Structures are given as structure tokens and as C-alpha cells.
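Enquirer: Chains as they are written, first to last, in the working numbering: chain A, 11 to 399; chain B, -9 to 251. Starting off with a structure, shown below.
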């Protein structure tokens, strides 16, 4: 029983690759190590060693002979570790005295701490029923946690409006500025373009009946009742919703939220409630602003391309809109703001504690915020249809 | 390969620093640093808080350009070398960051495997075996599939050391090995450093201000003085404690206890 295997890529004579000789002496197995062991080269395979350990009769002991070893690094350790694991599994004692002193010491170190019981993760597939059950339990827990969070927020809001919540006024002011004034640019752009698009889409149909003037009604009512609030909400979900999740998620990762708790300050009152209040206050204002910018977009198309005089367009618009038309849009905007802020804060507060957790939280906040907006929009349509609002 | 590999036996020191001045803009952190780190040294960079210990390490790693002066590895110029040359030289280094700096989206085994996958032709099972060994060396046998968030701070630090050792570096930089560790874990990390130095011949550059650690591991040390903004002493720490001409160095190494005899 004698076998030599040199590491790949090492031409003989030039650079000695790692070499392993296996020899049976009496009832023992001697593993001879030779050549240069470098971590950049392939390791000698352990299969020959395992075969020798499984031979019959099995060796009573394993010894090493490293008298012809050249330069070595930790790749020797990896090999020896493999041999020892294999021998240990078969109950064969290993004698390390033939190894270089440094190898002996490091292998001793590597094997000094026993493998932790149950630390190795079970690999392989779980049955689908178990996965389904696991998913069900996680979902149930998430729902309970969601209800818990909403309860805490409600209590926090209660304390806020009765003036008992602990938060910093300058934080609230900054949040209001970020959610409101700082969003004006992008809200202007989106709602102006949306008014423009609405006018174009309407004009194509209405011009066929010679009713191009009704583009003004379409844009005004469309924007004011639904689209301004809707588009603003989508933009704000991407801006503020994601920002809230990222801010709170980062604070979670850096233990800032724990620091608040240990200081006796409720993170819900201090962080979540001001964000919700800021967004709920700003969303109706942004909606009304978007109403007018959207109508302006329609006005540009109507007067520029459809030969409607500015005076006629304005008159048509004002006759289509009463104050009551604004109410559904503003109410919806407020509700969307609440949904976005709750989704953003919720996902930020439940973020994990790794770097990728913040990104995950922001993604989830935006996705669930947008879904909530669309669902709420649908529900609102049905309600206003049924009650004829 | 146009003399890519400098001959190790050329007699040049592992690291040579010549007239190094470190500055952020106009603010000079340290000037005129001049020292050698020999092969197999455990070289400790010591000094009070904020004196520029970590900044010096960042310079040695090429993360910050020196304001003046040069750094050589094995006699080869590192400062201002072309990017490819620098990257090749960096493969010979390992770094243990203060908090471990493990990549949180990867398991411990994956953390160690990444450099091996990038820079060696080894296949997956070999890399896995090496990763397991490196974890075993730092006492983390069986933690291959854990994520950094699932283990304690001390374990993260040891896993960081395992990652730093992935490619069997010639030089291992260690930033504040004792920070955040209990005395026993800190002692074990010191022992591990000495074991690795003795067995694998790794050169260590350690940034620390822990006296216990300094006297246990250091073969050589440099003291960065925050007031004069330069190195006021270089030598084995025990010798500096007893015979340094600079009272500030003696005081530092005696925890401020009286140096008058």
C-alpha cells in the first residue's frame, strides 16, 4: 500500500507540490508528508487516507512522518485536521509526534475546543408540510406583532394629542419640513405631468364629439377627487416611507432604539408618533397643492393644443368644482399619509440587526405602503359609489 | 514576470517606514516616523487615545496616502506603487478590524471563503475544509453556518481573525485586539497571536493601548506621542518601561505610577 499524489500545477523537480505517502507498518498506518504545502495549491485528496483507514484489518493507530516536508503553511493543518476527523470517526487513535512542532501546536489548538453540540446546522430539505406550518406560524406572529404595534401607536397618538408624549419639538418640525416642503419639487413635477396626461387622454376621446371643453372638467374632477391624492401618496411612499424605515432600521441596528428604551423613553412616542403626525399633517396640504398643479397641467394642454381660451378653461374648471369636491381627495390623502407612515415605521422598528436588514426594511416599507394605498383607493371608490358621494 | 516576487531572503525588513508624515489636510497627525518591522515580529503601535495609532495602521494598509515619506514591504515600494502591484501586495496582508467587520449577509464560512474563492484556484470542498480549519483554530469549530449577528462580540472578533488568516498572510494587522473583550478572552487572543507567530512565522502589527497585552505579545513597539506629534520611543516594551529617556513613555508603560526611583 503505497501511494503518491502531487498537487496539481506543480511540475516535478521545479517546485515540489504537497506529497502524501501512506504506509502500513505492522498494525499501524504511517502517513508520510513531503514537498511544499501551499494554500494556493490544491490539497492532496483525503480519499486515499480514508481507504487506508477502512482497510481490513483496520490500522490500530495513525502516525505521521514529516521528515521530508519542505515549506508548509496552514494547508498542512487542513489536511491533518481531515485525517484526524476521519480517524476519530473510526475510533482510531492518532499520534501527532511525527509532525513539525508548529503543526502539532496549531492542530492541538484547533482540536482543543470540541465542536459545539448542535452547532452544526442541519442541511437538506424540510418536508413541505413543515415549511407551510413554519410559514403559517411566522405569518401569525407577524400579524399579532402588527396589531400590537398599532395598539402602541394608538396609545402613543393619544398621549401626543393630550400633550403627554415625550418627543422633541425640533424633531417634529424637521420631520414636517422633510415630509412637506422638501417634497414640493417632486410632487409638482409628478402632478403637473399627470394633469397633462389626463388632458391628453381625455382630449383624444372628447374631441370626437366636439366636446374638447370638457377636458377641463375631466382634469379638475379627476385630479381633485382621486388622482392628486393618489399620485402624491405614491411619491411620498417612495420618499418618506422608505426614509422612515431606513432611519428607524439603522437606529435599531446601532442599538439606538434600545438606548432610548433603557433611558425610559418610549421609541414609539419619541420616533414613530412624530413621523406619523408629520405625514398626516402634510399629506392633505400636499394633496391640495397637487390638485392645483395638476389642473395647471391640464390648462397648458387645453389652451395650448385644444384651442380653448384661457378664460373659457378657467370658467369651465370653476363651474365643475365646488368646495365639496375637495373633501374626498383631502380625506383620502390624509388616510394615505397615515398608511405610509405606519408602514414605514413598522418595518423600520422590526428590522433585523444586520447591514442588509435596513435595505430590506426600506423595500418592505415601500411595497406594503404602495399596496395599502391601492387597496385603500379601491375601498374608497366602492364606498363613494354606494353612498353616492 | 518582471521581478514581481521580491526575494524573501534579500535581508530587507518586512515593513520599512521612512520619514512618514501623516496629515488630514493641514492638520498633521504625526511627523517623521521612521521604523522597521522585522519578519516574525509582533510589532505594537501604542500611544494614548487619539494619537494616530489607527491612522498609522490605515497608512500601512494603503487606505490613506501619506503626506510625505515612504513605506516598503520586503524592500519593495508600497507608497505610490501602481494599483496592480499594490493589490498583489495586499494579498499578503490580513486585517482584523476592531469590531471584526464581518460581512453580515454571509455566514462565517462564507466570510472566510470569499478571499479564497477570489485568489486561489481551490474548489468548493477544499475551501470549505480550509474555512472550517481556520474557525477551529480560533475555537469556533462547528460555527461555519452561523451569521455574524447570531454570535457574541468576542466570537465575532475571533471569526474576524479567522477571516484575516484565510490566505495565510505574511503580515497580520490587528486593530485593538482587547477592545470589547473580557480579560480571559483577550488573553486567549494574545496567546493565539503568539502561537500563530511561532508556528506560521506570521508578522503581526498590533494597534493597542492595553498594557497587559503589550507586555505579553510585543517583541517591539513604537510609542506615538500625542503632544510632540512624533514617535518618541521604539524598542521592546519592557526595556522602554525601565530605560526610556522619555518620561512620558515610562509613565505610559507604568499606568502613570511614579517613575522616580
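Backbone N, C-alpha and C fix where the C-beta goes; we use that ideal spot for every residue, glycine too. Just so you know, these numbers come straight off a predicted model, no measurement behind them.
(1) Of all Cβ atoms in chain B, is any one closer than 8 Å to the Cβ of residue 92(A)?
(2) Have a look at the DSSP bridge pairing and note the partners of residue 66(B).
(3) By how many angstroms is the C-alpha of residue 197(A) removed from the C-alpha of residue 387(A)?
(4) Where do the N-terminal and C-terminal ends of the beta strand (DSSP E) with residue 213(B) fall, by residue?
(5) Of the residues 319(A), 35(A), 391(A) and 390(A), which one's Cα is nearest the Cα of residue 225(A)?
(6) Sorted by chain position, which residues of the same chain lie with C-beta nearer than 7 Å to residue 138(A)'s C-beta, five sequence neighbours on each side aside?
(7) So, is the C-beta of residue 107(B) closer than 8 Å to a C-beta in chain A?
(8) Let's see if you can read the secondary structure: which residues bound the alpha helix (DSSP H) around residue 95(B)?
(9) By Cβ distance below 7 Å, which residues in the same chain neighbour residue 384(A) in space, the five residues on each side in sequence not counted?
(10) I think residue 91(A) touches residue 110(B), with their Cβ atoms under 8 Å apart; what is that distance to the nearest whole Å?
(11) What does the Cβ neighbour count give for residue 217(A), buried or exposed, with the cut at 16 atoms within 10 Å?
(12) Report all residues from its chain with a CB closer than 8 Å to the CB of residue 14(A); omit the five preceding and five following residues, and keep chain order.
(13) Closer than 8 Å, CB to CB, is residue 296(A) near chain B or not?
(14) When the Cα atoms are used, what is the spatial distance from residue 330(A) to residue 233(A)?
(15) Tell me, which residues are paired with residue 38(A) by DSSP?
(16) Check the Cβ-Cβ distances between residue 64(B) and every residue of chain A, and say whether any is below 8 Å.
(17) Can you tell me whether residue 190(A) is helix, strand or coil according to DSSP?
(18) Near residue 120(A), what residues of its chain come up, given a Cβ to Cβ distance below 7 Å and the 5 sequence neighbours on each side ignored?
(19) Going by DSSP, what residue range makes up the beta strand (DSSP E) through residue 162(B)?
(20) Give a yes or no on whether the minimum CB-CB distance between residue 106(A) and chain B is below 8 Å.
(21) Is residue 202(A) buried or exposed, if buried means 16 or more other CB atoms sit within 10 Å of its CB?
(22) Less than 8 Å between the beta carbons of residue 290(A) and residue 328(A), yes or no?
(23) Determine the direct distance from the alpha carbon of residue 127(B) to that of residue 33(A), and round the result to whole angstroms.
(24) Is residue 146(B) buried or exposed, if buried means 16 or more other CB atoms sit within 10 Å of its CB?
(25) Tell me whether the stretch 253 to 272 of chain A and the stretch 136 to 153 of chain A touch, counting them as touching only if at least three CB pairs, one residue from each stretch, are closer than 8 Å.
(26) For residue 35(B), which residues does DSSP report across the bridge?
(27) So, are the CB atoms of residue 356(A) and residue 156(A) less than 8 Å apart?
(28) Once you ignore the five residues that flank residue 223(A) on each side, which residues in its own chain have a CB closer than 7 Å to its CB?
(29) Going by alpha carbons, who is nearest to residue 243(B) out of 216(B), 233(B) and 201(B)?
(30) Can you find a CB in chain A that lies within less than 8 Å of the CB of residue 153(B)?
(31) What would DSSP say about residue 393(A), mapped onto helix, strand or coil?
(32) For residue 300(A), name the three-state secondary structure that DSSP assigns.
(33) Looking at the C-beta of residue 90(B), does it have a partner C-beta in chain A at a distance below 8 Å?
(34) In chain A, what lies closer than 7 Å to residue 170(B) by C-beta?
(35) Going by DSSP in three states, residue 361(A) sits in which element: helix, strand or coil?
(36) Between residue 121(A) and chain B, is the shortest Cβ-Cβ distance under 8 Å, so that the two count as touching?
Expert: This is what the structure gives:
(1) yes
(2) 63(B)
(3) 19 Å
(4) 210 to 215
(5) When only C-alpha atoms are compared, the closest one is 319(A).
(6) So no residue of the chain qualifies.
(7) no
(8) Neither: residue 95(B) is in no alpha helix (DSSP H) and is coded neither H nor E.
(9) none
(10) Contact flag wrong, Cβ pair sits at about 18 Å.
(11) exposed
(12) With a pLDDT of 37 at residue 14(A), under the threshold of 50, the predicted position of this residue should be treated as unreliable, though the coordinate-derived value follows. The answer, listed in chain order, is 29, 30 and 31.
(13) no
(14) 12 Å
(15) 35(A) and 71(A)
(16) no
(17) Coil.
(18) 87 and 91
(19) 161 to 165
(20) no
(21) buried
(22) Cβ distance not < 8 Å, so residue 290(A) and residue 328(A) don't count as in contact.
(23) 29 Å
(24) buried
(25) no
(26) 197(B) and 212(B)
(27) yes
(28) 318, 322 and 326
(29) 201(B)
(30) no
(31) helix
(32) Assignment of residue 300(A) by DSSP, reduced to helix, strand and coil, places it in the helix class.
(33) no
(34) Here the premise fails: no neighbours, minimum Cβ distance about 13 Å.
(35) coil
(36) yes
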